[in-house]
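Just so we're on the same page, this note's numbering is the position in the sequence shown counted from 1, plus 5. Where a beta carbon is used, it is the ideal one built from N, C-alpha and C, also for glycine.
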Amino acid sequence: MSRHAFEEQLDVLHRKLMSMGTLVEEAIHKSIKSLVERDVHLAEQVIAADPVINELEQEIQSECFRLIALQQPVGSDLRRLGTMLKLVTDLERMGDHAVSISKTTRRLMAEPYVKPLIDIPLMADHVKAMVRDCLNAYIARNKEAAEEIAARDDIVDKLFATIFRDLIEVMMKNGNAISQGTHLLLVAQYLERIADHVTNICEWIIYMSTGKMTDLNK
6 MSRHAFEEQL
16 DVLHRKLMSM
26 GTLVEEAIHK
36 SIKSLVERDV
46 HLAEQVIAAD
56 PVINELEQEI
66 QSECFRLIAL
76 QQPVGSDLRR
86 LGTMLKLVTD
96 LERMGDHAVS
106 ISKTTRRLMA
116 EPYVKPLIDI
126 PLMADHVKAM
136 VRDCLNAYIA
146 RNKEAAEEIA
156 ARDDIVDKLF
166 ATIFRDLIEV
176 MMKNGNAISQ
186 GTHLLLVAQY
196 LERIADHVTN
206 ICEWIIYMST
216 GKMTDLNK
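So, in structure tokens, the structure goes:
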């Protein structure tokens, strides 16, 4: 395969990956919106769209492996393909978490919320911004941006701690709130995990740019 043909294939993969990233962003946004607005139809849209995300993951992985086998890339080319392989795995898992949030919306449709949803949407706003910005950092191969985005995980962790504390307090005061409170805690946990996947992506952006692995979870 010529260098020009190889670059063209990389561009195709890059566009597919960005399409997948856009779908995942939309899934996260819609899943939280469905929870806040109690919109089961929106939740069903997220669940129904997940196979498309899964299919894109498989297509990108297969093409990456094919290019590695045909081209036997080294150096920065190999790092780019390796980063794509890691990114699509993290993006697919983010999509799975959005599906889990949407399924929670379905479960909670019949009952009023045990407390106003304030911190969960706030946490979601931070997480959505991290997802969007990490994709932009990947496009730009921006090491400094990746480091800054990963550092925001501390804000998400603090919000999770606040949500956990508040919901535990509600459940201790009202035994009837335990089931719903547990589901809302899981929503916060799904958001925290999405932020963790963003941190993983940021580590791979740095690797793609520098050739060095960095632990950003410290």
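- For Ser214, the enclosing alpha helix (DSSP H) has its first and last residue at Ile183 to Thr215.
- If you draw a 10 Å sphere on the C-beta of Thr27, you find fewer than 16 other C-beta atoms in it, and that means exposed.
- Leaving aside the five residues that flank Thr167 on each side, the residues in its chain whose CB is nearer than 8 Å to its CB run, in chain order, Asp124.
- A Cβ-Cβ contact shorter than 9 Å links Val29 with Met99.
- Counting other Cβ atoms within 10 Å of its Cβ, Ala53 stays below 16 and is therefore classed as exposed.
- Using a Cβ-Cβ distance cut-off of 8 Å, the segment 103-113 and the segment 39-55 are in contact, since at least three pairs of beta carbons, one from each stretch, lie closer than that value.
- It is roughly 21 Å from the alpha-carbon of Glu31 to the alpha-carbon of Ala151.
- Only residues of its own chain outside the window of five on either side were considered, and among them Arg43 and Val45 have a CB closer than 7 Å to the CB of Met114, listed in chain order.
- Scanning the segment 94-146 from its first residue to its last, the whole alpha helix (DSSP H) runs of 4-plus residues come out as 124-145.
- The Cβ atoms of Lys21 and Glu64 lie closer than 9 Å to each other.
- In the structure shown, the three-state DSSP call for Arg71 is helix.
- Contact between the segment 191-207 and the segment 152-165 is established, with three or more Cβ pairs separated by less than 8 Å.
- In this structure, Ser81 places its C-beta atom within 9 Å of the C-beta atom of Met213.
- No residue range can be given for Ser7, since it is assigned to no alpha helix (DSSP H) and is classified by DSSP as neither H nor E.
- Taken through DSSP and simplified to helix, strand or coil, Asn222 comes out as coil.
- For Gln66, same chain residues with a beta-carbon under 7 Å away, outside a window of 5 residues either side, are Leu90 and Val93 in chain order.
- By the neighbour-count definition (other C-beta atoms within 10 Å, threshold 16), Asp95 is a buried residue.
- The C-beta of Ile144 has fewer than 16 other C-beta atoms within 10 Å across all chains shown, which makes the residue exposed.
- Counting along the chain, Val175 sits inside the alpha helix (DSSP H) bounded by residues Asp158 to Lys178.
- Taking Asn179 as the centre and dropping the five residues before and after it, the same chain places the C-beta of Val119 closer than 8 Å to its C-beta, in chain order.
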